[in-house]
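What follows is a single structure, written as structure tokens, with notes after it.
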Amino acid sequence: MAAASHSPSSPYSCAKDSGPVIATTSLVTFLERIQETAFQTYERSKFDHKDFIDLSLKFDLSTTVKAFDEISKTENGSVSTKDFEEFIGKWFKSAGEDLVYVEPMDFETEPHGFLPKVENPEVRAWALEVHGLWKKLSREVSSSVHDHPEFHTLLPLPVPGMIPGSRFREVYYWDSYWVIRGLLASKMHETAKAIVTNLISLLDTYGYVLNGARAYYTNRSQPPLLSAMVHEIYNRTGDVDLVKKAFPALLKEYQFWNSEIHTMIIHDAENCNHSLNRYYAMWNKPRPEASAIDKRFASKFLNVNEKQKFYRELASTAESGWDFSTRWMRNPSEFTSLSTTTILPVDLNAFKLRMELDIAFFAKIVGEDAIAEDFLTASHTRKKAFNSVFWNENMGQWVDYWLNYGAEPKEPQTWEAQNQNQNVFASNFVPLWIDLFNSDTFLVEKVTRSLQSSGLLCAAGIATSLTNSGHQWDFPNGWAPIQHMIVEGLWRSASTEARKVARDIAERWIRANYVAYKKTGTMHEKYNVEKCGESGAGGIYRPQTGFGWSNGVLLTFLEEFGWPKDQNIDCN
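Quick note: the sequence shown, position 546, residue 546 per UniProt numbering, numbers continuous.
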């Protein structure tokens, strides 16, 4: 398999890491010290690294640092649990205290016209409970963050928004698309628009939408779905003012993803050059939110340059949203072989294609016909690149493309078949979500047959990969966004067979969510698609509940497919 052929012992030793680095704040740097001390002080099983980077100061930073330096410490940097907890309690506000609950402006207990296709009273009652979770996830930034931003890692935002839930106690970028889809199903149009307002605010401030609304996320973005959010809201509301407000920001975001660090050129067999995108974080140090753990992973590298390159790969993988998966590893059995910056991901380029189509659509609305024409041309050029670079005819899938080591953005690389990663991942089917592909019935039916024989379809939905690695974006975990994009792509096609498969996957996912909810009383971040009703596992943090995008996809599926009155909802 292609990925296995790219497995040198150290992919980071060739040249100095010379990529850009966005400086962080003094508070974040200090909180990394706090996090490291917590790591030394507590048992790993009782420790969530993010809890300590999300603390807020009670007093100014210099005074707090001085107090910390005066605590008695052992040689390895640990302190007694009693001393550490007393220090944290005296000098910090708890993680999450910088956000306050706020009632969503347009929440109704049972909105008019809510899920009209759901006829089963048991399913309808459950759907209303999930709808009610929007109240629990609604937050606004506290006045302290606006008045004293230097006391917080949380970034100020102009209006209330939705958090994913549990440890993810701030706004996240790509999660927001599926949150918005759920809010639209819940008839909460103003709350959906507010999410877009906050993301545009981040874009205007930093030049790109951050991974999340924290000071430690300023070094990277996430899958670019802002244009898709605006498009979905416009389709429901016809809000031209929202399009006019978002349009300049979307052009700015498009330029960010077209910057040199994110763009590589592939020279195909027909002598055409294709400009395609990769993830590339502006950071070469441990991720502050997981600094203590990242340092342990990097300890196998002997020199600073190798460590810096590995840290950039960690942050770039986080930018992908798929953190972590064997998809990004030159050697699937070795975590430190992460090489995300040397991959052209098929789904990222599908999102860029969606962005091009969306901007062309919006440009027509705002009267910018020349821009519309430019972006339509760009979309058709990218579609050709999909056919030349990503499409694998034998597999009937679009696959990631591996770059050669030491590749420079301005230097075209010649396309080689062996550089296609022929391992099966759910991302191979994400291009179905784009109308330029799902409108081709012959293509859709070929890809549908490939999906059916891929091994990814399981009892409770689509697995993320076929490799049970222990990483959370691998088998047997299934994630709501993946189910949604593939199902919606199949459903939008004219193929009877594809639409049948779409409905079947959606029903499996709905059942799995329902049974898990009845067992645990909550919605989960991810699910085990091998076992209907089981939550997912794996990764470097405990499985989370809440959960924004899972709620959104469930409500979207119920809105589209409904649930017949006499149809059983249990796993059997």
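Even glycine gets a Cβ: it sits at the ideal position worked out from N, Cα and C.
6 angstroms Cβ shell around Ala360 - same chain, five flanking residues per side excluded: Ala372, Phe375, Leu376
His49 versus Leu61: straight-line alpha-carbon distance, rounded: 20 angstroms
Beta-carbon spacing of Val159, Leu99 below 8 angstroms: At the C-beta level, Val159 and Leu99 stay beyond 8 angstroms of one another.
Cβ pair Asp51, Ala23 closer than 8 angstroms: no
Per DSSP, cross-strand counterpart(s) of Gly548: According to DSSP, Gly548 bridges with nothing at all.
Per DSSP, the bridge partner or partners of Val141: Leu99
Distance between Asp147 and Tyr206 (C-alpha atoms, nearest Å): Approximately 20 angstroms, taken between the alpha carbons.
Buried/exposed call for Gly546, threshold 16 Cβ in 10 Å: buried
Alpha-carbon to alpha-carbon, Leu276 and Thr263: 6 angstroms
DSSP beta-bridge partners of Met264: Leu276
Spatially closest choice to Gly533 from Asn572, Glu36, His380, Thr37, by CA coordinates: Considering only alpha carbons, the answer is Asn572.
Buried versus exposed call for Ala3 [16 or more other C-beta atoms within 10 Å across all chains shown]: Its pLDDT being 41, under 50, Ala3 is placed unreliably by the model, and the measurement read from it follows with that caveat. Burial call: buried.
Beta-carbon proximity check, Ala292 vs Glu36, cutoff 8 angstroms: yes
Option nearest Ile510 by Cα separation, candidates Trp473, Arg542, Ala459: In this structure, Ala459 is the residue among Trp473, Arg542, Ala459 with its C-alpha nearest to the C-alpha of Ile510.
For Val159, the three-state DSSP class (helix, strand or coil): coil
Closest Cα partner of Leu157 within the set Gly536, Ile195, Glu70: Ile195
Under the three-state DSSP convention, the category Thr340 falls into: helix
Within 8 angstroms, strictly: CB atoms of Ala516 and Val487: no
Among Trp433, Leu554, Pro332, Trp391, the one whose alpha carbon lies nearest that of Asp474: Pro332
Environment of Asp400 [buried if 16+ CB atoms lie within 10 Å]: buried
Beta-carbon proximity check, Ile434 vs Leu353, cutoff 8 angstroms: yes
Cβ neighbour criterion (16 or more within 10 Å) applied to Asp504: exposed
Residue interval of the alpha helix (DSSP H) (run including Glu36): Per DSSP, Glu36 belongs to the alpha helix (DSSP H) from 26–41.
DSSP three-state assignment for Gly167, whether helix, strand or coil: Correcting the residue identity first, residue 167 is Arg in this sequence and not Gly. Reduced to three states, the DSSP call for Arg167 is coil.
Segment contact, 8 angstroms Cβ cut-off, at least three pairs: the stretch 58–77 with the stretch 184–198: These segments do not touch.
Separation of Arg181 from His484, as counted between CA atoms: 10 angstroms
N-terminal and C-terminal residue of the alpha helix (DSSP H) that Val501 is part of: That run of the alpha helix (DSSP H) goes 496–520.
Residues bridged to Thr218 [DSSP beta-bridge criterion]: For Thr218, which the question treats as bridged, DSSP gives no partner whatsoever.
N- and C-terminal bounds of the alpha helix (DSSP H) containing Pro564: From DSSP, Pro564 is part of no alpha helix (DSSP H); its letter is neither H nor E.
Coarse secondary structure for Gly441, derived from DSSP in three states: Residue 441 is actually Thr in this sequence, not Gly. Here DSSP, grouped into helix, strand and coil, assigns Thr441 to helix.
C-alpha distance - Phe386 paired with His524, whole-angstrom precision: 34 angstroms
Residue of Glu270, Tyr42, Trp91 minimising C-alpha distance to Val65: Trp91
Every unbroken beta strand (DSSP E) inside the stretch 355–440 [3 residues or more]: none
Stretch pair the stretch 419–430 + the stretch 390–399: three plus CB contacts closer than 8 angstroms: yes
Buried versus exposed, by CB contacts within 10 Å (16 or more), Asp323: buried
Residue from Glu530, Leu436, Glu408 with nearest C-alpha to Thr467: Glu530
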